[in-house]
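Asker: Residue numbers (this note's numbering): 356 to 636. For every residue, glycine included, the Cβ atom is placed at its ideal position computed from N, Cα and C. Keep in mind it's a predicted model, so treat the numbers as computed, not measured. Please see the structure below; I have some questions.
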Ligand code: 13P
């Protein structure tokens, strides 16, 4: 059965590792993430961003993930990533998502609190875990989620502690210098701010913008409460590069079914690389 992320993140928090939350958009990406979980024997979070509702609808994501999870024999959480619309959150819960992220980070603080609390009350009554966000990430290269206007606003530790108390949220996404997309220059990830947030909050923290984040910074964040790390851009960049290489190398056009299998394998490869980083292997 699909599960929420609470038991997974509690274990990761206690034992200082992080679970990867990998973005999916179609059958091949869902299967690739599951394949990585199966080959490593590790739990996975399959993350479907509300942005990709034109690729798959919520019920189809649940149906495919459930069917694959039954063969997996390992913990799988199906998480709705970055969603600012309350009606979509409620539809995802009804469809069978086991975890949701309400992203009210662009709203005034009090409004973000009020909406997040509403989501927590409903989601928790249904056994669904909730992530919310305070602060905001800038966008790097090839980002499909961020925009050039996105400003980096670091999460304030005191505001984060008050936010958690007022909402009852299960995990908090923080802004500590990672970006959505690949980094344009040297990443300036602030482990010191992560530490201050962790000391003030004491609940699992979430790092968005995992793609391209240096391993030592990832480790520093994990040592200071980060238990869930999101990866999107590199899954896409790596798989598109592999597809382009294959198309350039072939004398004749490959069949679409062969390309689809190759893409599933490429997704599994990049996911396994991040899983190893996140567990310090
Ligand atoms: P990247 O695209 O930088 O990996 O970030 C993914 C993310 O934060 C999804 O919520």
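From the DSSP output, in three-state form, read off residue 407 for me.
Answerer: In the chain shown, the residue the question calls residue 407 occupies position 52. Note: residue 407 maps to helix in three-state DSSP.
Asker: For residue 535, which beta-bridge partners are listed by DSSP?
Answerer: Stepping through the chain shown from its first residue, residue 535 is reached at position 180. Bridge partners of residue 535: 494.
Asker: Buried or exposed: which applies to residue 508, given that a residue is buried once 16 or more other Cβ atoms fall within 10 Å of its Cβ?
Answerer: Numbered from its first residue, the chain shown carries residue 508 at position 153. By the neighbour-count rule (16 or more Cβ atoms within 10 Å), residue 508 is not buried but exposed.
Asker: Starting from residue 602 and walking both ways along the alpha helix (DSSP H), at which residues does that stretch end?
Answerer: The residue labelled residue 602 in the question sits at position 247 within the chain shown. Counting along the chain, the alpha helix (DSSP H) containing residue 602 begins and ends at 588–604.
Asker: How far does the beta strand (DSSP E) with residue 378 in it extend, from its first residue to its last?
Answerer: Along the chain shown, one-based indexing puts residue 378 at 23. Looking at the DSSP string, the run of the beta strand (DSSP E) that includes residue 378 is 374–378.
Asker: When burial is assigned at 16 or more other CB atoms within 10 Å of the CB, is residue 612 buried or exposed?
Answerer: If you number the chain shown from 1, residue 612 lands on position 257. Burial call: exposed.
Asker: By how many angstroms is the C-alpha of residue 411 removed from the C-alpha of residue 618?
Answerer: If you number the chain shown from 1, residue 618 lands on position 263. If you number the chain shown from 1, residue 411 lands on position 56. The alpha-carbon atoms of residue 618 and residue 411 are separated by roughly 18 Å.
Asker: Taking the straight line between their C-alpha atoms, what separation do you get for residue 425 and residue 356?
Answerer: In the chain shown, counting from the first residue as 1, residue 425 sits at position 70. In the chain shown, counting from the first residue as 1, residue 356 sits at position 1. C-alpha separation (whole angstroms): 7 Å.
Asker: Run through DSSP, which three-state label would residue 415 get?
Answerer: Taking the first residue of the chain shown as position 1, residue 415 is located at position 60. It is helical.
Asker: Below 6 Å, is the gap between the Cβ of residue 566 and the nearest heavy atom of the ligand 13P?
Answerer: Taking the first residue of the chain shown as 1, we reach residue 566 at position 211. Correct: residue 566 has its Cβ closer than 6 Å to the ligand 13P.
Asker: Counting along the chain, where does the alpha helix (DSSP H) carrying residue 615 start and finish?
Answerer: In the chain shown, residue 615 corresponds to position 260, counting from 1. 611–633 is the span of the alpha helix (DSSP H), which, as asked, contains residue 615.
Asker: Since residue 539 and residue 496 should fall inside the 8 Å C-beta cutoff, what is the C-beta to C-beta distance between them, to a whole number of angstroms?
Answerer: Position 184 of the chain shown, counted from the start, is the residue given in the question as residue 539. Position 141 of the chain shown, counted from the start, is the residue given in the question as residue 496. At roughly 6 Å, the Cβ-Cβ gap stays under 8 Å, so residue 539 and residue 496 are in contact.
Asker: Comparing alpha-carbon positions, which option in 516, 567, 517 and 519 lies nearest residue 541?
Answerer: Residue numbering aside, residue 541 sits at position 186 when the chain shown is read from its first letter. For the residues 516, 567, 517 and 519, the minimum Cα distance to residue 541 belongs to 567.
Asker: Report yes if the CB atom of residue 458 is closer than 7 Å to the CB atom of residue 478, and no otherwise.
Answerer: What you label residue 458 is simply residue 103 of the chain shown in a count that begins at 1. What you label residue 478 is simply residue 123 of the chain shown in a count that begins at 1. Taking 7 Å as the Cβ cut-off, residue 458 and residue 478 do not qualify as a contacting pair.
Asker: Looking at the secondary structure, which residues open and close the beta strand (DSSP E) in which residue 432 lies?
Answerer: Mapped onto the chain shown, residue 432 falls at position 77. Residues 431–438.
Asker: Once you ignore the five residues that flank residue 390 on each side, which residues in its own chain have a CB closer than 7 Å to its CB?
Answerer: Position 35 of the chain shown, counted from the first residue, corresponds to residue 390. Same-chain partners within the cutoff: 619 and 623.
Asker: Could you name the residues of the same chain whose beta carbon sits closer than 7 Å to that of residue 475, not counting the 5 residues immediately before and after it, in chain order?
Answerer: Within the chain shown, residue 475 is the residue found at index 120, counting from 1. Within the same chain, residue 475 has close Cβ partners 485, 522, 523 and 524.
Asker: Could you pull out every residue in the same chain whose Cβ sits closer than 6 Å to the Cβ of residue 470, ignoring the five residues on either side in sequence?
Answerer: As a position in the chain shown, residue 470 is number 115, starting the count at 1. The answer, listed in chain order, is 459.
Asker: Going by the DSSP bridge assignment, what does residue 382 pair with across the sheet?
Answerer: For the purposes of this step, residue 382 is identified with residue 27 of the chain shown, where counting begins at 1. DSSP output for residue 382 lists no bridge partner at all.
Asker: Tell me whether residue 587 counts as near the ligand 13P, meaning its Cβ is closer than 6 Å to at least one heavy atom of that ligand.
Answerer: Counted from its first residue, the chain shown places residue 587 at position 232. Flag set: Cβ of residue 587 near the ligand 13P.
Asker: Look up residue 519 in the DSSP assignment and say whether it is helix, strand or coil.
Answerer: Locating residue 519 in the chain shown gives position 164, where the first residue counts as 1. Three-state result, residue 519: helix.
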